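For reference, the structure is listed below as structure tokens.
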Amino acid sequence: MLFPVVNMKQTGRNITMLREQRGISVKQLQRMMGFATPQAIYKWQHGESLPTVDNLVALSVIFSVPIDAILVTGNAA
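If you're matching positions, the sequence shown starts at 0 in numbering that gives the first Met the number 0 and goes up one per residue.
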């Protein structure tokens with residue numbers, strides 16, 4: 000049975016692209032998200048981790064895009 004999985008690397012590239020398209024620096028996004036450090040954002044952008052659901056909603060609002068414009072999914076066995 001196939002089910003969708005999130006492609007972490009592509010999702011990270013999307014986050015980077017959306018952030019850059021809007022002229023938002025990592026430091027600015029860190030402040031907008033209320034983070035003490037930018038490490039989580041760098042991990043997302045490098046495909047090392049994924050944002051939580053709450054953070055995905057926040058990114059969706061900040062970037063003015065639906066969540067599915069941030070996440071990249073594919074099928075896994």
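All C-beta atoms in this analysis are idealised placements derived from N, C-alpha and C, irrespective of residue type, glycine included.
Everything numeric in this text was worked out from a predicted model, so none of it was measured.
Closest Cα partner of A68 within the set T51, Q27, I14 and K8: Here the question's residue 68 lines up with position 69 in the sequence shown. For the residues T51, Q27, I14 and K8, the minimum Cα distance to A68 belongs to I14.
For L1 and R18, the rounded distance between their alpha carbons: Taking the sequence shown and counting its residues from 1, one reaches residue 18 at position 19. Taking the sequence shown and counting its residues from 1, one reaches residue 1 at position 2. Rounded to whole angstroms, R18 to L1 spans 32 Å at the Cα level.
Bounding residues of the alpha helix (DSSP H) (the contiguous stretch that carries S34): Counting from 1 along the sequence shown, the entry for residue 34 is found at position 35. The sequence shown places Phe at residue 34, not Ser. From DSSP, F34 is part of no alpha helix (DSSP H); its letter is neither H nor E.
C-alpha gap between I40 and V25, whole angstroms: Looking up residue 40 in the sequence shown gives position 41. Looking up residue 25 in the sequence shown gives position 26. Taking the straight line joining both Cα atoms gives about 7 Å.
Inter-residue CB distance, G73 and V4 (contact presumed, cutoff 8 Å): On the sequence shown, residue 73 is found 74 positions in, with the first residue counted as 1. On the sequence shown, residue 4 is found 5 positions in, with the first residue counted as 1. That belief holds up - the Cβ atoms of G73 and V4 are roughly 6 Å apart, short of 8 Å.
Nearest candidate by alpha-carbon position, reference V62, set G11, Q20 and R12: Within the sequence shown, the letter at position 63 stands for residue 62. The displayed chain sequence assigns Phe, not Val, to residue 62. Of G11, Q20 and R12, the residue nearest in Cα terms is Q20.
DSSP-derived helix/strand/coil call for T51: Numbered from its first residue, the sequence shown carries residue 51 at position 52. It is coil, neither helix nor strand.
C-beta atoms of L93 and I66 nearer than 7 Å: What the structure shows of the chain is the stretch from 0 to 76, and residue 93 is not part of that stretch, so it cannot be assessed.
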